[in-house]
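Right, one structure below, let's go through it.
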């Protein structure tokens, strides 16, 4: 058996020793860098290749196109070239980073002169918006102009450093191919998420909805002749030329233009119905509703979301129509308006046309008009919904539109004429100053909605700007008592009222938090005083307007011009005064004679305001809710009982304005006529019964067991009211 040992390890796997560095380097062989001697097809078929291009075998088999030879792998020299290109790319990236850091430091330290900053900014704008233009020529029916989409890219977009990226790409791969995406031949038929309309629309369906040419002409005339409902985004002369082209060749106009046409028909028919109540109209309600449906369908069919020409204008017109709807919620208008605002940002409307190349003076001014209405409408509807607006002032530099009529400029003008003097009242002058108030009101809203506790110095800084802007309003736009207007048209009077309400509303929103914040701190007394006085002035406007809109009075025929936004201002003012009275109820024993008299007057004003809402509670959900909320609030506030002889009529119906736009104190009644009663007794004396409806269920949540008002709940209640508005068109435009 001794001989067996020599066979024991024959079939065993021997353990290999790990190679050392020396023998590893010695045994490791590099792969030979040989070029293949056969083409790929011959190697796969195991055929002999004669190395021709193409080879004989591939030619016989009819596969010449597949005859290819593999490229020899790069050698060390080529690998060094790749490393060199990569190093060059890193150098370029480092230079780019240094350039950006340098610009940031210059901006922070202000070291760069204004000329250099302007040149850098303008150069960047010209590079990133070089294709941005507005073509006034007729569009094709599919809503595009040579498939061009207009878009704006800001400094955070990749195109802002496009040239540097191209250089880096060339350094990394000089033989890189350009990859082209296939063009979309046709868009799929689908339902739009925002509008809720199927995008399938034909020209035959358009003409099925259009009434005869004579009726369409009449509605277009009503739209352009009404100063109260027409929008400055539509230039009358240009639109009428396109209107004639549409009837001559319908396929020459885009679906987006057709959407604007249907929107004007809806607005014109709505204006005709509201201005002549009780008269049989040529356009019935179902046809008027179809106008809006077709406007929405044409908006979707035109591809408004693709930043086409007229995308912003068409979306804005649809949002305005939804705002006018009697049986629709304001939430739809707010949603479409937000979409229009984002489209405006995408197409660069927030940048002033002076920075944008390839824009004519006419196109630039029309863009200013459009953006004014976009930012104002976005602001007011967002405020009504209790939400921040889409557009932020930090990224916008578009100037206010000029005070020009449509007759003053047209598409062929080489330069814009100077603005008309501010002494001439016009619709555009109203828009110009409303645009200025909208810009500061947007800052006020963001200040009020800020999650951080803003500094009181910031509040006073905004207040100073408001006072300065109010002092610059021209005399022809200054509000005065409504009774003083004799020959003026109602539309002009409501323009003045809207400007004054926007200023007073800014004051209320800016200073409202200081009514409850550190009530005993005299440092905030100014804010409390101007806030309450502004609210009282708004209520004075409501009282006077309500009286003049009665049958046979001056504004009875124009009462339908009162919008839901104005009604919301009235509700806001009433709650501000309620809040002040509620916060001061515990200090009634320490009030001076003047303070007691002021409290009595404000309570009477609120009672009268509640009665105004109560008169319209059967015809409007807004009025019913406002009446119920004010009744609940007044029931929790002590009321001074004053004999009717001690208060003059103007003390109940309104307040006197001061020169700075906020009301002054009213001459008080005598102290002997002042006694305090509970709110419940006061309501019983007013013979106002509590109704059994859902609004008074809200009061149980509004007040806790400690008799404290949950003002956050009040705000939420108003927000819910804002998105469920159903004010009739006779009161809303």
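Numbering (UniProt numbering), first residue to last: 1 to 733.
Ideal Cβ positions, reconstructed from N, Cα and C, are used throughout, including at glycine.
*Taking residue 254 as the reference, give the member of 299, 288, 362 and 637 with the closest Cα.*
Mapped onto the chain shown, residue 254 falls at position 254. If we check each option's Cα against that of residue 254, 299 comes out closest.
_residue 391 versus residue 293 - alpha carbon distance_ = For the purposes of this step, residue 391 is taken as the residue at position 391 of the chain shown. For the purposes of this step, residue 293 is taken as the residue at position 293 of the chain shown. Their Cα atoms are separated by approximately 28 Å.
*Using a threshold of 6 Å, is the CB atom of residue 445 nearer than that to any non-hydrogen atom of the ligand ATP?*
For the ligand ATP, the structure offers nothing, since it holds no ligand at all.
_Contact belief for residue 66 with residue 41 at Cβ below 8 Å, rounded distance in angstroms_ = For the purposes of this step, residue 66 is taken as the residue at position 66 of the chain shown. For the purposes of this step, residue 41 is taken as the residue at position 41 of the chain shown. 5 Å between Cβ atoms; contact.
_Report the start-end ranges of each alpha helix (DSSP H) in the region 254 to 300 that is 4 residues or longer and not cut off at the edges._
If we require 4 residues or more, the alpha helix (DSSP H) runs fully inside the region 254 to 300 come out as 255 to 275.
*Range of the contiguous alpha helix (DSSP H) that encloses residue 603*: Within the chain shown, residue 603 is the residue found at index 603, counting from 1. Per DSSP, residue 603 is one residue of the alpha helix (DSSP H) stretching across 593 to 615.
*residue 425 to residue 492, Cα distance in whole Å?*
Residue numbering aside, residue 425 sits at position 425 when the chain shown is read from its first letter. Residue numbering aside, residue 492 sits at position 492 when the chain shown is read from its first letter. Cα-Cα distance, rounded: 8 Å.
*For residue 376, which three-state DSSP category applies?*
The residue given as residue 376 occupies position 376 in the chain shown. Helix, per DSSP.
*Straight-line CA distance for residue 357 to residue 314?*
Locating residue 357 in the chain shown gives position 357, counting from the first residue. Locating residue 314 in the chain shown gives position 314, counting from the first residue. Distance between the alpha carbons of residue 357 and residue 314 is about 24 Å.
*Can you give the beta carbon distance from residue 502 to residue 434, rounded, assuming they're within the 8 Å contact cut?*
Translated into positions along the chain shown, residue 502 becomes position 502. Translated into positions along the chain shown, residue 434 becomes position 434. That belief holds up - the Cβ atoms of residue 502 and residue 434 are roughly 7 Å apart, short of 8 Å.
_If you follow the alpha helix (DSSP H) that residue 511 is in, where does it begin and where does it stop?_
Locating residue 511 in the chain shown gives position 511, where the first residue counts as 1. For residue 511, the enclosing alpha helix (DSSP H) has its first and last residue at 490 to 511.
*Compute the distance between the beta-carbons of residue 288 and residue 269, then report whether it is under 7 Å.*
What you label residue 288 is simply residue 288 of the chain shown in a count that begins at 1. What you label residue 269 is simply residue 269 of the chain shown in a count that begins at 1. The answer is yes: Cβ separation under 7 Å.
*When burial is assigned at 16 or more other CB atoms within 10 Å of the CB, is residue 417 buried or exposed?*
On the chain shown, residue 417 is found 417 positions in, with the first residue counted as 1. So residue 417 ends up on the exposed side.
_If we require 4 or more residues per run, which alpha helix (DSSP H) segments fall completely within the region 329 to 369?_
Given a length threshold of 4 residues, each whole run of the alpha helix (DSSP H) inside the region 329 to 369 is given here in chain order: 330 to 346.
*asked:* Between the region 534 to 541 and the region 471 to 478, can you find at least three pairs of beta-carbon atoms closer than 8 Å?
replied: Flag = no, the region 471 to 478 and the region 534 to 541 do not touch.
*Whole angstroms is fine: what's the gap from residue 633's alpha carbon to residue 508's?*
For the purposes of this step, residue 633 is taken as the residue at position 633 of the chain shown. For the purposes of this step, residue 508 is taken as the residue at position 508 of the chain shown. Residue 633 and residue 508: Cα-Cα distance of roughly 19 Å.
*Based on Cα-Cα distance, which residue from 609, 232 and 266 lies nearest to residue 211?*
For the purposes of this step, residue 211 is taken as residue 211 along the chain shown, with counting starting at 1. When each option's Cα is compared against that of residue 211, the closest is 266.
*For the alpha helix (DSSP H) holding residue 405, just list the boundary residues, first then last.*
In the chain shown, counting from the first residue as 1, residue 405 sits at position 405. It is not in any alpha helix (DSSP H) - residue 405 carries neither H nor E in the DSSP assignment.
*Using the C-alpha atoms, what's the distance from residue 311 back to residue 301?*
As a first step, residue 301 must be located in the chain shown, where it is residue number 301. As a first step, residue 311 must be located in the chain shown, where it is residue number 311. Rounded to whole angstroms, the separation of the alpha carbons of residue 311 and residue 301 is 11 Å.
*How is residue 224 classed by DSSP in three states: helix, strand or coil?*
By 1-based counting over the chain shown, the position of residue 224 is 224. Three-state DSSP puts residue 224 in a helix.
*Buried or exposed for residue 505, please, with buried defined as at least 16 other CB atoms from any protein chain shown within 10 angstroms of its CB.*
Start at 1 with the first residue of the chain shown, and residue 505 comes out as number 505. Buried, because 16 or more other Cβ atoms sit within 10 Å of the Cβ of residue 505.
*If you draw a straight line from the C-alpha of residue 386 to the C-alpha of residue 428, how long is it?*
By 1-based counting over the chain shown, the position of residue 386 is 386. By 1-based counting over the chain shown, the position of residue 428 is 428. Taking the CA atoms as reference points, residue 386 sits about 28 Å from residue 428.
_residue 310 in three-state terms, based on DSSP_ = Start at 1 with the first residue of the chain shown, and residue 310 comes out as number 310. Secondary structure at residue 310: coil, using DSSP grouped into helix, strand and coil.
*Closer than 7 Å by C-beta to residue 441: which residues in its own chain qualify, once you throw out the five before and the five after it? Chain order, please.*
Residue 441 sits at position 441 when you count from the first residue of the chain shown. These residues qualify, in order along the chain: 379, 502 and 506.
*Which word fits residue 203, buried or exposed, when buried means at least 16 other C-beta atoms lie within 10 angstroms of its C-beta?*
If you number the chain shown from 1, residue 203 lands on position 203. By the 10 Å Cβ count, residue 203 comes out exposed.
*Using the beta-carbon count (16 or more within 10 Å), is residue 741 buried or exposed?*
What is shown of the chain runs 1 to 733, which leaves residue 741 out entirely.
*Measure the beta-carbon distance from residue 462 to residue 447 and round it to whole angstroms, keeping in mind my assumption that it falls under 8 Å.*
Walking along the chain shown from the start, residue 462 turns up at place 462. Walking along the chain shown from the start, residue 447 turns up at place 447. Confirmed, Cβ separation roughly 6 Å.
*Thinking C-beta only, is residue 411 closer than 7 Å to residue 371?*
Working through the chain shown from its first residue, we reach residue 371 at position 371. Working through the chain shown from its first residue, we reach residue 411 at position 411. Taking C-beta atoms as the reference points, residue 371 and residue 411 fail to come closer than 7 Å.
*Check whether the Cβ atoms of residue 317 and residue 336 sit closer than 7 Å, and answer yes or no.*
Counted from its first residue, the chain shown places residue 317 at position 317. Counted from its first residue, the chain shown places residue 336 at position 336. Between residue 317 and residue 336, the C-beta spacing is not below 7 Å.
*Which class does residue 479 belong to by DSSP, given the choice of helix, strand or coil?*
Reading the chain shown from its first residue, position 479 is the one you call residue 479. DSSP places residue 479 outside both helix and strand once states are collapsed to three, so it counts as coil.
*C-alpha gap between residue 398 and residue 350, whole angstroms*: Position 398 of the chain shown, counted from the start, is the residue given in the question as residue 398. Position 350 of the chain shown, counted from the start, is the residue given in the question as residue 350. Rounded to whole angstroms, the separation of the alpha carbons of residue 350 and residue 398 is 6 Å.
*If we ignore side chains and look at the alpha-carbon of each, how far apart do residue 735 and residue 460 end up?*
Residue 735 falls outside the range modelled here, since the chain spans only 1 to 733, and no answer is possible.
*Can you give the Cα-Cα distance for residue 243 and residue 216, rounded to whole angstroms?*
On the chain shown, position 243 is the one that residue 243 refers to. On the chain shown, position 216 is the one that residue 216 refers to. Those two C-alpha atoms are separated by around 10 Å.
*Own chain partners of residue 246 with C-beta closer than 8 Å, once the 5 adjacent residues on each side are dropped*: Position 246 of the chain shown, counted from the start, is the residue given in the question as residue 246. These residues qualify, in order along the chain: 252, 253, 257, 258 and 261.
*residue 613 and residue 623: beta carbons closer than 7 Å?*
To locate residue 613, count along the chain shown from 1; it is residue 613. To locate residue 623, count along the chain shown from 1; it is residue 623. Judged by their CB atoms, residue 613 and residue 623 are nearer to each other than the 7 Å cut-off.
*Is the CB-CB distance between residue 627 and residue 602 below 7 Å?*
Counted from its first residue, the chain shown places residue 627 at position 627. Counted from its first residue, the chain shown places residue 602 at position 602. Not a contact, by the Cβ cut-off of 7 Å.
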